[in-house]
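Heads up, the sequence shown is in the working numbering, so the first residue is 1415 and it goes up one at a time.
Below: the structure, in structure tokens.
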Amino acid sequence: MHWQVIIPLALFLVIIFFIGFWANAQVRQSDSFLSDYFLGGREMGGFLLAMTMMATYGSASSFIGGPGVAYQTGLGWVLLAMAQLPAGYFVLMILGKKFAIIARKYEAITLIDFLKGRYQSNAIVLLSAIAIFVFLFASMTAQWVGGARLIESLTGLSYRGALLIFAVAVLVYVIIGGFAAVALTDALQGTVMMIGTVILLVAVIIEGGGVSAIMAELVAENPNLVSPYGADASLSPLYVSSFWILIGIGVIGLPQIAVRAMSYKDSKGMHRAIIIGTIGIGTIMFGMHLIGVFGRAVIPGIEIGDKVMPTLTLDILPPVLAGIVLAAPMAAIMSTVNALLILVSSTVVKDVYLNFIKPSAKDAEIKRMSFIVTTAVGIAVVLFALNPPELLIWLNLFAFGGLESAFLWNVVLGLYWKGANKYGAIASMVVGLVSYVYIYHFHNNVFGMNSVTIPVLVSLLVFVLVSLGTRHLASPQNDFNKKPSI
């Protein structure tokens, strides 16, 4: 047990729980439970929006998985990871004001609400709910694994014991707080993530004797570690470029990120969030992946990639400072898990239960269902996380690709193309999902590109062709007051 490390980390968690209880009290006094629990009442300013986007996007992959891959691959992975730099810019500039205005017009609380209002189709609602449930399950599993790995490194407990502790802490927090708690703690967590990244990067550089000494050590071991192609020369220009879709512009299609563009207060806040978010994401992504590469020269021979960041922190930093720095990945993991749990819960309760099972449900019943669903989903994810993958980052990126294949064009073309209709949207979603799962499992990285590339391009083509071919069946300008139909 690293008690001197655990104590500051525990204090951080106490603050997080205090915010959760406070937010719960506010939600219980609210006249609009759905909007407040799932969207925070659409009252986020620029700093809060930037932090919640950054904390949601910066997950276990950024702090645990990413440095582990960089440790094994070299500087080429740092270059690839920097495709994430403009993620917040893309989301808020492309969706931004128009998305927020239309979401308010439809009284949309979830991304599926927007799609239902735009395309007037129950089929899209069901397909979207299935896609969110399946792929966010994979993403949440990755976060649970990351949290358990972190606690395992700190306490010396078994992986399963650490997983149980993490799961209980997160579930209690999310169930009591909802989106308001998630957004408020994201402000604290995002700040901790940035500070922790800078502290650990500086410490690793000092421990390694400076950047020049570290680079010389890496070159002596394997010159490819400092090349853009990776230690085994596997990072081809085509493969790296394809990541601009997966972790760059494709982020627009991630429901957990897109819903943030619904929840800000005004356009001034959105513009401020673009600047703050880009700086924050850049600091974290560059810093954490560079730490992974430099860590190879400082502590060679770490076999499990997901333990690189905790091992470096515990071995290099004084105990109290290590506890503060390790609050960064804990913050990243908790904030992402919180957001994903809220999103899956809102999908089941708002998009399925209230749409198809009991539209007349009262607020008290909705609250009870939200808490039950959140708990059930959390427990189910724990069961999936009992047998973790070797590197959690691939599980997270698999989820990213599936969600982008399903939602990217439905959202973007739904906003900006009047000719987009429900037939094109349904066809695009089905083709995108089927082709992505097929390519990922049977022809992974086909043609040297990430598996998401072809499904995203094909789903765009299908969307346009089917929408054009069915213009006589559906009016481009839907009557949004009519009853949705398949």
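Where a beta carbon is used, it is the ideal one built from N, C-alpha and C, also for glycine.
In this text, all values refer to a predicted model and were calculated from it rather than measured experimentally.
Between Ile1771 and Ile1538, the gap from beta carbon to beta carbon reaches 8 Å or more. Under the three-pair Cβ rule at 8 Å, the segment 1561-1581 does not count as touching the segment 1757-1773. Setting aside the 5 residues that flank it on each side, Val1876 is surrounded in the same chain by Ala1841, Ser1842, Val1845, each with a C-beta closer than 7 Å to its C-beta; the list follows chain order. The beta carbons of Val1582 and Leu1806 sit no closer together than 8 Å. For Asp1527, the enclosing alpha helix (DSSP H) covers residues 1525-1533. When secondary structure is reduced to three states using DSSP, Tyr1520 falls in the coil class, being assigned neither helix nor strand.
Following the DSSP letters along the chain, one finds Ser1873 inside the alpha helix (DSSP H) bounded by residues 1867-1883. Shown here for Val1751: same chain residues with a beta carbon closer than 8 Å to its own, the five before and five after excluded, namely Met1554, Gln1557, Trp1558, Gly1561, Val1584, Val1588 in chain order. For Trp1831, the three-state secondary structure derived from DSSP is coil. Pairing Gly1828 with Leu1540, the inter-Cα distance amounts to about 17 Å. A distance of 8 Å or more separates the beta carbons of Tyr1520 and Phe1513. Comparing C-alpha distances from Ala1522 to each of Phe1432, Arg1674, Gly1691, Asp1729 shows the shortest one belongs to Arg1674.
For Met1783, the enclosing alpha helix (DSSP H) covers residues 1777-1798. Residue range 1651-1660 is occupied by the alpha helix (DSSP H) that includes Pro1651.
Between the alpha carbons of Leu1649 and Lys1682 lies a distance of about 40 Å. When only Cα atoms are considered, Thr1569 and Met1507 end up about 43 Å apart.
Distance from the CA of Val1722 to the CA of Tyr1533, rounded to the nearest whole angstrom, comes to 46 Å. The beta carbon of Val1860 lies closer than 7 Å to those of Ile1853, Ile1868 in the same chain, with the five residues before and after it left out.
Looking at the backbone, the Cα of Ala1790 and that of Val1712 are separated by about 43 Å. Distance check between Leu1847 and each of Ala1464, Phe1812, Leu1615, Ala1834 places Phe1812 closest, using alpha-carbon atoms only. With fewer than 16 other Cβ atoms inside 10 Å of its own Cβ, Ile1620 counts as exposed. Note on Gly1610: 16 or more other CB atoms within 10 angstroms of its CB, so buried under the neighbour-count rule.
Ile1730 and Ala1501 do not touch by the CB rule: their CB atoms are close to 29 Å apart, not below 8 Å.
Under the 10 Å beta carbon count, Ser1849 is surrounded by 16 or more other beta carbons and is classified as buried.
If you ignore the 5 residues before and after Ile1526, its C-beta comes within less than 7 Å of the C-beta of Val1539, Ser1542, Ala1543, Thr1761, Asp1765, all in its own chain and listed in chain order.
Cβ-Cβ distances below 8 Å link Tyr1485 to Gly1706, Val1707, Gly1709, Arg1710, Ile1716, Gly1719, Val1722 in the same chain, with the five nearest sequence neighbours on each side left out; the list follows chain order. The Cβ atoms of Leu1755 and Leu1614 lie no closer than 8 Å to each other.
For the 8 Å CB-CB criterion, Glu1818 and Gly1691 do not form a contact. Between Val1734 and Gln1418 the beta-carbon gap is near 6 Å, inside 8 Å, which marks them as a contact.
Ranked by how close their Cα comes to the Cα of Ala1517, the residues Ala1672, Leu1425, Ala1647 have Ala1672 in first place.
By the CB criterion at 8 Å, Gly1488 and Ala1736 fall outside the cutoff. In the structure shown, Pro1732 adopts coil according to DSSP, grouped into three states. Bounds of any alpha helix (DSSP H) do not take in His1857, whose DSSP letter is neither H nor E. For the 8 Å CB-CB criterion, Ala1552 and Leu1757 do not form a contact.
Under the three-state reduction of DSSP output, Pro1422 falls in the helix class.
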